[in-house]
Amino acid sequence: MEYLINGKKLIWDFDNTESNASKLKDNNLFIDGIWNMKDTIGYTDTCVGLSILSDDSFYFVTFFGLGFTMRVNDGNVECIKKQITK
């Protein structure tokens, strides 16, 4: 799935038909050449939920239960909030 966030293409490579978590792709949320979810988290994980909040921000949840609110501004992606969802 592709979304436009502040002029940048956010790509969520998620297979919602796969029920085996070990077969889900790692680091499957990214903006080509600018950002990958691992840049924010610091380790390999899988995005299992995504919400577009506004023209320049989005929220994603990882398999390990962390939620991140992100903002895209001038080609930079910054984390503006982190929370535990479990």
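Per my numbering, the sequence shown starts with residue 2, numbered consecutively. Every residue gets a Cβ at the ideal spot worked out from N, C-alpha and C, and that includes glycine.
### Message
So for I12, helix, strand or coil by DSSP?
### Response
Strand at I12.
### Message
Can you tell me whether C80 is buried or exposed? The criterion is at least 16 other CB atoms within 10 Å of its CB, across all chains shown.
### Response
Burial call: exposed.
### Task
Assign T47 to one of three DSSP states: helix, strand, or coil.
T47 sits in coil when the DSSP states are folded into three classes, being neither helix nor strand.
### Query
Since M71 sits in a beta bridge, which residues does DSSP pair it with?
For M71, which the question treats as bridged, DSSP gives the partners F59, C80.
### Task
Give me the Cβ distance between N37 and D14, rounded to the nearest whole Å; I'm assuming they're in contact under 8 Å.
Going by Cβ atoms, the distance from N37 to D14 rounds to 11 Å, so no, they are not a contact pair.
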